[in-house]
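Engineer: Quick note: the sequence shown uses the working numbering, first residue 85, plus one each step. We put the CB at the ideal spot given by N, CA and C, even for glycine. This is the structure I have questions about; it appears just below.
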Amino acid sequence: MIGFRWQQALLQIRANWKDALSAGVAAGIAWFISQHILGHPHPIFAAMSAMICLAPGLPNHGRQAVYLLVGVATGVLVGETSLLLPPMLTEIRIALVGFIGLLLASCYAVIPAIIIQAGVSSIMIFAMGAEIAGLTRLIDVMVGTGIGLLFSQVLFTPNQIKMLGISVERFFHELVNNFTIAADALDTHNVTSASRALNSCARTHIALVALISNIDNARDNARWSLRGRLSSRELTTLAIRYDQAGIRLYASTLLFCEALLNCLKKQRDKEPEWLKDALILSAENSRFLAGENSNRGFVKPNRSMREETSIAWRDCVKSLELAENTLARFYKSKTRRSRLQSFKKKRFLV
């Protein structure tokens, strides 16, 4: 268990070290600009804003920067206006200022980054004074968010195509587990193993949800970054392909595992002799699409040798054939560009 946690921690470090490094560098640059160019003695808000914009784990750094700037500007406006209120108890003034800042920011949209920054900024002006937390803080935040936007949208924009590739590979890894467990259950006629295969579809669903979420984030990020706009056409094509293939593969695998469990429970007819080999082949093809077994290649199933299926196993066969068709279609669309280039090269040589 401890080893697993260490492995997960190392994976998180590998995934987030670039964002953490860029956030630290951006914070140092923002501090330097605010202190040495703008003359602010302690520009802590500039460094903090840069780190808030570029912190690891955010789905969209550019949007976070805009939300931060809008929230701070709203809070500064509310805080400056609150100084015109008549004298009252400190507790009442803080409650009133915080309420107005949060309420006004929630009018834009229910976005936590805007609302929290507006409430905090309005209270900071009252607590620290307008000279420190007012216009000076707003300028520092503009510097920090500007550096954050420069880093996230121009200099170090994330590769959305690579992120989608990682998500789809994880999805195919889960498909490999589904097909492998189902093949073992079919080989041993074990109902418990068939139930495990059906339960493993839950992990496939989690991978599918993550894939669809990354597709939505990639489409959104394509409008917020320079690299995203340059690769928006390819990104749109990949998003459509991954979305359709992922939903069909998950649905067909789930239906197959349910039908397999029912067939093994009832044990009416003997399963088709070719079914186990077809499952193993689907697992190997999924493993290839997940980035493994690159030397093996994708093998199209040969259905000419398959005999007629009994009624009891017909649902299993239909679901598996749907999965096979989707895998083959995904592989064909994935390799379409390379096949066209190879065809043009052959014609040129001839």
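#1: From this set, Ala179, Leu186 and Ala197, which residue's C-alpha is nearest Gly146's C-alpha?
#2: Heavy atom of the ligand MN less than 8 angstroms from the Cβ of Gln119, yes or no?
#3: Ser394 by DSSP, collapsed to three states: which one?
#4: Would you tell me roughly how many angstroms separate the C-alpha atoms of Pro140 and Gly163, rounded to the nearest one?
#5: Are there 16 or more other CB atoms within 10 angstroms of the CB of Ile299, so buried, or fewer, so exposed?
#6: By the 10 Å Cβ neighbour count, where 16 or more other Cβ atoms means buried, how is His124 classified, buried or exposed?
#7: Are there 16 or more other CB atoms within 10 angstroms of the CB of Gly182, so buried, or fewer, so exposed?
#8: Assuming Asp224 contacts Phe116 (C-beta within less than 8 angstroms), just tell me the rounded distance between them.
#9: In whole angstroms, what separates the C-alpha of Val109 from that of Met135?
#10: To the nearest angstrom, how far is it from the Cα of Gly276 to the Cα of Lys350?
#11: Excluding five sequence neighbours on each side, which residues of the same chain lie with their C-beta closer than 7 angstroms to the C-beta of Phe427?
#12: For Lys384, which residues of its own chain have a beta-carbon under 8 angstroms away from its beta-carbon, when the five flanking residues on both sides are left out?
#13: Classify Met172 as helix, strand or coil using the three-state DSSP reduction.
#14: Starting from Tyr192, follow the alpha helix (DSSP H) in both directions and report where the run begins and ends.
#15: Do Ser284 and Asn301 have their beta-carbon atoms positioned less than 9 angstroms apart in this structure?
#16: Between Ala286, Cys137 and Glu357, which lies nearest to Asp271 when the distance is taken from Cα to Cα?
#17: To the nearest angstrom, report how far apart Leu295 and Leu152 are at their CA atoms.
#18: Less than 9 angstroms separating the beta-carbons of Ala291 and Glu258?
#19: So, for Ala323: in the same chain, excluding its five sequence neighbours on each side, which residues have a beta-carbon less than 8 angstroms away from its beta-carbon?
#20: I need the straight-line Cα distance from Gly87 to Ser133, nearest angstrom please.
#21: Looking at Ser118 and Val227, is the spacing between their C-beta atoms short of 9 angstroms?
#22: For a quick check, are the C-beta atoms of Ser166 and Leu180 less than 9 angstroms apart?
#23: What is the DSSP secondary structure of Lys102, counted as helix, strand or coil?
#24: Under DSSP, the alpha helix (DSSP H) around Glu164 begins and ends at which residues?
#25: Using a threshold of 9 angstroms, state whether the C-beta atoms of Leu344 and Ala269 are closer than that.
#26: Could you tell me the distance, in whole angstroms, from the CA atom of Leu186 to the CA atom of Lys102?
#27: Looking at Ile231 and Ser206, is the spacing between their C-beta atoms short of 9 angstroms?
#28: How would you write the range of the alpha helix (DSSP H) that Ile136 sits in, first residue to last?
#29: By Cβ distance below 7 angstroms, which residues in the same chain neighbour Met85 in space, the five residues on each side in sequence not counted?
#30: Out of curiosity, what's the CA-to-CA distance linking Leu234 and Ala149?
#31: Helix, strand or coil for Gln425, going by three-state DSSP, please let me know.
#32: Relative to the C-alpha of Ala374, which candidate in Leu333, Leu406, Ile250 and Ser388 has its C-alpha closest?
#33: Is Ala266 near Leu363, with beta carbons less than 9 angstroms apart?
#34: I'd like to check one pair, Glu368 with Arg469: are the Cβ atoms closer than 9 angstroms?
Structural biologist: Short version:
#1: Of the candidates Ala179, Leu186 and Ala197, the residue whose Cα lies closest to the Cα of Gly146 is Ala197.
#2: Of the ligands one can find in the structure shown there are none, so the ligand MN has no counterpart to examine.
#3: coil
#4: 30 angstroms
#5: With 16 or more other Cβ atoms within 10 Å, it is buried.
#6: buried
#7: buried
#8: With a beta-carbon spacing of about 12 angstroms, Asp224 and Phe116 fall beyond the 8 angstroms limit used to define contacts.
#9: 9 angstroms
#10: Position check: residue 276 holds Thr in this sequence, whereas Gly was assumed. Straight-line Cα distance between these residues: approximately 14 angstroms.
#11: Bear in mind that the predicted position of Phe427 carries a pLDDT of just 39, short of 50, making it too unreliable to give a figure here.
#12: Ala412
#13: coil
#14: Tyr192 -> no alpha helix (DSSP H), and no H or E assigned at all.
#15: no
#16: Answer by Cα proximity: Glu357.
#17: Looking at the two C-alpha atoms, the distance is approximately 28 angstroms.
#18: yes
#19: Leu248, Ile299, Ala302 and Arg303
#20: Note that Gly87 has pLDDT 47, beneath the 50 cutoff, so the model's placement of it is unreliable and no number is given.
#21: yes
#22: yes
#23: helix
#24: His145 to Ser166
#25: yes
#26: Straight-line measurement puts the Cα of Lys102 at about 33 angstroms from the Cα of Leu186.
#27: At least 9 angstroms separates the beta-carbon of Ser206 from that of Ile231.
#28: Ile128 to Leu138
#29: Because Met85 sits at a pLDDT of 44, beneath the cut-off of 50, its placement in the model cannot be relied upon, and the following sentence gives the value as read from the coordinates. Nothing meets the Cβ criterion.
#30: 10 angstroms
#31: Note on Gln425: pLDDT 45, under 50, position unreliable in the model; no value is reported.
#32: Looking at the Cα atoms, Ile250 is the closest of the given residues.
#33: yes
#34: Since the first residue shown for the chain is 85 and the last is 434, residue 469 is missing from the structure and cannot be characterised.
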